[in-house]
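Remarks on the structure that follows.
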Amino acid sequence: MPGVRARTLPHGVDVRGTRDVAPAEAKRRFDIDSDATVVSQIGYVAPRKNTDVMLELADSFPEYEFLVAGGPRRDDEREYFQSIRSNAPSNLTITGVLPDEDFHAAFAATDLAVLSYSDIRQSGILNWCFAYRVPMLCRRIPYFERIASKWGGIALYEPDDDLGDRLREAVSDLETLEREMDSFREANSFEAVAGEHVKLYREL
């Protein structure tokens with residue numbers, strides 16, 4: 023409609039909603055050695071998230087532990103999930119759908135999260151990664167690219183990249199990626215987003 027302005031407000035980063043779980047304790051909860059480097063994909067498993075890339079990565083990096091912390095949400099995604107589970111190498115742990123406590127523990131256990139989504143407009147998992155300061159390796163799609171270019175904290179890869187090379191680079195740069203996450207956390211905290219809502223209503 024002419025003269026109508028649209029603004030998209032972010033979900034917000036729920037820093038206060040994080041759980042105080044030590045990384046070593048969280049890793050042991052998933053039967054992973056407390057000293058291991060853990061690369062995870064967290065959340066519901068679905069073809070659009072390309073969770074099967076975790077099979078390739080786990081095969082290529084036996085020195086790391088991999089974690090798929092989630093399961094299928096819909097019946098039509100079960101076959102995809104089972105195909106990943108049945109082909110998982112010994113260094114890939116697949117949990118199935120998690121209770122809330124273990125969902126939060128998965129972030130505490132993770133050194134690097136892989137978000138290999140084909141497309142998405144907003145991501146609750148990304149916001150939880152920022153809340154827990156978990157660096158991310160994300161497929162280059164517009165949503166992730168916008169956040170990476172403005173805030174940092176995300177390493178990007180192209181679909182035709184050597185994903186193993188990108189993973190190796192991201193793991194070697196974890197400290198830098200983690201430091202870059204603070205500005206996004208602050209600007210997109212629940213308090214900051216609430217302030218944007220108030221500002222928007224006052225403009226109406």
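Numbering (the working numbering), first residue to last: 23 to 226.
C-beta: ideal position from N, C-alpha, C; glycine also.
Next on the checklist: Less than 8 Å between the C-beta atoms of V61 and D124, yes or no?
Outcome noted: Taking the sequence shown and counting its residues from 1, the one referred to as residue 61 is at position 39. Taking the sequence shown and counting its residues from 1, the one referred to as residue 124 is at position 102. Their beta carbons are not under 8 Å apart, which means V61 does not touch D124 by this criterion.
Checklist entry - Quick one: Cα of L120 to Cα of R95, how far? => result Along the sequence shown, read from residue 1 onward, the residue named residue 120 stands at position 98. Along the sequence shown, read from residue 1 onward, the residue named residue 95 stands at position 73. C-alpha separation (whole angstroms): 11 Å.
Next on the checklist: For a quick check, are the C-beta atoms of I64 and A128 less than 8 Å apart?
Outcome noted: Counting from 1 along the sequence shown, the entry for residue 64 is found at position 42. Counting from 1 along the sequence shown, the entry for residue 128 is found at position 106. The answer is yes: Cβ separation under 8 Å.
Checklist entry - Per DSSP, which one or two residues make a beta bridge with T117? => result Counting from one through the sequence shown, the residue named residue 117 turns up at place 95. DSSP output for T117 lists no bridge partner at all.
Item to check | Candidates A91, A46, T73, T198, of which the one nearest R155 by Cα | outcome: To locate residue 155, count along the sequence shown from 1; it is residue 133. The shortest Cα separation from R155 among A91, A46, T73, T198 belongs to T198.
Next on the checklist: Please give the ranges of any beta strand (DSSP E) in the segment 80-107, keeping only runs that are unbroken, at least 3 residues long and fully inside the region.
Outcome noted: 87-91
Item to check | Start and end residues, beta strand (DSSP E) containing I176 | outcome: Locating residue 176 in the sequence shown gives position 154, where the first residue counts as 1. Element bounds for I176: 176-179.
Item to check | CA-to-CA distance, R162 to D53, given in whole angstroms | outcome: To locate residue 53, count along the sequence shown from 1; it is residue 31. To locate residue 162, count along the sequence shown from 1; it is residue 140. Each residue's Cα considered, the two are about 32 Å apart.
Checklist entry - So, is K172 buried or exposed, given that buried needs 16 or more other C-beta atoms within 10 angstroms? => result Here residue 172 corresponds to residue number 150 of the sequence shown, with the count starting at 1. By the neighbour-count rule (16 or more Cβ atoms within 10 Å), K172 is not buried but exposed.
Item to check | Top-ranked residue by Cα proximity to S205, from D184, Y86, F166, F152 | outcome: In the sequence shown, the residue the question calls residue 205 occupies position 183. Cα-wise, what sits closest to S205 is F152.
Checklist entry - Are three or more beta carbon pairs between the segment 100-119 and the segment 170-186 nearer than 8 Å? => result no
Item to check | Simplified DSSP assignment, three categories, for A46 | outcome: Mapped onto the sequence shown, residue 46 falls at position 24. A46: helix per DSSP, three-state reduction.
Checklist entry - With 16 as the cutoff for other CB atoms within 10 Å, does S145 come out buried or exposed? => result Counted from its first residue, the sequence shown places residue 145 at position 123. Buried: at least 16 other Cβ atoms inside 10 Å.
Next on the checklist: Out of A131, V67, D184, which one is the CA nearest neighbour of S105?
Outcome noted: Indexing the sequence shown from 1 puts residue 105 at position 83. With distances taken between Cα atoms, S105 lies closest to V67.
Next on the checklist: Taking the beta carbon of G186 as the centre, do at least 16 other beta carbons fall within 10 Å, making it buried, or is it exposed?
Outcome noted: Stepping through the sequence shown from its first residue, residue 186 is reached at position 164. Looking at its Cβ environment, which holds fewer than 16 other Cβ atoms inside 10 Å, G186 is exposed.
Item to check | beta strand (DSSP E) segment containing V61, residue limits | outcome: Against the sequence shown, residue 61 aligns to sequence position 39. V61 -> beta strand (DSSP E) spans 60-64.
Checklist entry - Going by alpha carbons, who is nearest to E208 out of N149, A192, N72? => result Numbered from its first residue, the sequence shown carries residue 208 at position 186. Ranking the options by Cα distance to E208, first place goes to N149.
Next on the checklist: Taking the straight line between their C-alpha atoms, what separation do you get for R100 and P69?
Outcome noted: Taking the sequence shown and counting its residues from 1, one reaches residue 100 at position 78. Taking the sequence shown and counting its residues from 1, one reaches residue 69 at position 47. Rounded to whole angstroms, R100 to P69 spans 10 Å at the Cα level.
Checklist entry - Could one say the Cβ of D55 lies closer than 8 Å to chain B's Cβ atoms, at least one of them? => result The chain inventory of the structure shown lacks chain B, comprising one protein chain alone.
Checklist entry - When every heavy atom of the ligand SAH is checked, does at least one fall within less than 7 Å of the C-beta of D81? => result As far as ligands go, the structure on display features none, and thus does not contain the ligand SAH.
Next on the checklist: Counting C-beta neighbours from all protein chains within 10 Å, is the total for E78 16 or more, i.e. buried, or is it exposed?
Outcome noted: For the purposes of this step, residue 78 is taken as residue 56 along the sequence shown, with counting starting at 1. E78 is exposed by the Cβ-count criterion.
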